[in-house]
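Step one of this worksheet: look at the structure below.
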Amino acid sequence: MNDTPEKPTAAKKAPAKRTTTKAPAKKTAAKAVAKKTTATKTTAKAAAEKAPAKKAPARKPESRTALVRRARRINRELAELYPYAHPELDFTNSFELLVATVLSAQTTDMRVNQTTPRLFAVAPTPEDMAALPPEELEELIRPTGFFRAKTKSLLGLSAALRDRFGGEVPGRLEDLVTLPGVGRKTANVVLGNAFGVPGITVDTHFGRLARRFGWTTQEDADKVEADVAAIFPKSEWTMLSHRVVFHGRRVCHSRKPACGACPIAPLCPSYGEGETDPEKARKLLKYELGGQPGQRLKPPADYPGQPAPPMAPPAAAS
């Protein structure tokens with residue numbers, strides 16, 4: 059009788075022992091798994107944070123010799139592309155070129171060319187222009203924009219030419235830059251195209267392309283001029299300026315360069331900044347390359363495009 063109740067008691071106690079010993083094991087295992095998962099996540103997060111810090115290997119810098127060779131080859135290619143490159147301002151003498159260049163600030167050469175015929179009909183010489191009432195000169199040059207500031211410059215430089223240079227435009231940079239409204243860019247335009255004195259014209263187009271071509275990293279026009287002058291022989295400076303400006307206006311635009319239609323793309327380290335699809339790029343071409351009029355009303359005989367249209371006469375007052 060005593061043996062019979064002892065067996066059920068032992069049977070009842072056995073599961074209790076198993077429950078007591080296994081419960082801590084499960085908790086310990088769960089904690090270990092959780093700890094391992096947390097450690098894995100932490101490691102993955104750390105790796106992810108470090109990943110962006112890895113940089114692609116830097117491109118091998120171009121040697122000075124390679125830069126000069128590539129730059130001069132670009133100039134030769136541009137000479138073949140634009141054998142008709144020329145100053146895109148209409149002028150017949152140094153005074154007209156000086157005035158037109160001053161007027162070209164912050165506007166197109168086409169707009170200047172459409173404006174100057176009326177201006178030079180009224181004031182063909184420095185003496186005539188210096189004698190104009192400011193209000194009359196303002197009205198004559200109004201289409202070029204910033205006409206008040208430009209009027210002040212034109213009256214000042216005309217008076218200076220009359221009083222200090224006998225009514226003649228000087229042929230030295232040192233003298234030209236003393237005239238009101240005349241800086242190195244304007245002086246180099248006049249010297250190169252009216253006097254045959256080589257000069258580099260750093261306008262917005264030239265500066266942009268010089269940086270894209272890797273000729274300079276400078277933003278200041280005078281520093282750009284110095285960097286480019288050190289690459290090319292002096293005899294090339296004036297025509298180089300025309301070719302680069304031509305290319306900047308027709309192909310290598312500021313916002314949407316037509317990379318896919320650019321003949322010098324293989325030489326350009328900035329290829330890909332613009333449209334690379336050839337068909338889409340061709341639609342971005344301007345002036346004669348795009349079948350549109352040029353900027354001059356009276357372009358050179360070898361210019362392959364259409365002349366710019368003259369400005370419509372002012373509406374008669376009613």
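Position in the sequence shown (from 1) plus 58 gives the number in this note's numbering. Just so it is clear, CB atoms sit at the ideal spot from N, CA and C, and this is done for glycine as well.
Exercise. Helix, strand or coil: which one does DSSP assign to Pro351?
Worked result: strand
Problem set entry | Separation of Pro175 from Ser162, as counted between CA atoms | 14 Å
Exercise. Does DSSP classify Gln276 as helix, strand or coil?
Worked result: coil
Exercise. What residue from Phe149, Arg128 and Thr183 has the CA that sits closest to Gln172's CA?
Worked result: Selected option, being the one with the closest Cα: Phe149.
Problem set entry | Segment contact flag, the stretch 228-242 with the stretch 118-137, C-beta cutoff 8 Å, min 3 pairs | Contact fails: fewer than three Cβ-Cβ distances are below 8 Å.
Exercise. Would Val247 pass as a contact of Thr262 if the rule is Cβ separation under 8 Å?
Worked result: no
For this session: Look up Gln364 in the DSSP assignment and give the residues it is bridged to.
Result: Note: Gln364 sits in a beta bridge opposite Pro351.
Exercise. Leaving out the 5 sequence neighbours to the left and right, which residues in its chain are closer than 7 Å to Gly265 when beta-carbon positions are compared?
Worked result: Ala279 and Val282
Exercise. Using a Cβ-Cβ cut-off of 6 Å (strictly less than) and excluding sequence neighbours within five positions of Pro357, which residues of its own chain qualify?
Worked result: Pro365
Problem set entry | Alpha-carbon to alpha-carbon, Gly250 and Phe271 | Distance between the alpha carbons of Phe271 and Gly250: 23 Å.
For this session: Would you kindly check if the distance between the Cβ of Gly363 and the Cβ of Pro351 is under 8 Å?
Result: yes
Exercise. For the alpha helix (DSSP H) that Glu226 lies in, which residues bound it at each end?
Worked result: Counting along the chain, Glu226 falls outside any alpha helix (DSSP H), and DSSP gives it neither H nor E.
Exercise. If we ignore side chains and look at the alpha-carbon of each, how far apart do Arg206 and Arg307 end up?
Worked result: 27 Å
Exercise. In terms of residues, what are the limits of the alpha helix (DSSP H) holding Ser299?
Worked result: Taken as a continuous stretch (DSSP letters only), the alpha helix (DSSP H) holding Ser299 covers Trp295 to Arg308.
For this session: Put Ser152 into one of helix, strand or coil per three-state DSSP.
Result: Looking at Ser152 - three-state DSSP - the assignment turns out to be helix.
For this session: Compare the Cα-Cα distances from Pro336 to each of Pro327, Gln353, Gly318 and Gly330 and report the closest residue.
Result: Gly318
Exercise. Run through DSSP, which three-state label would Leu190 get?
Worked result: coil
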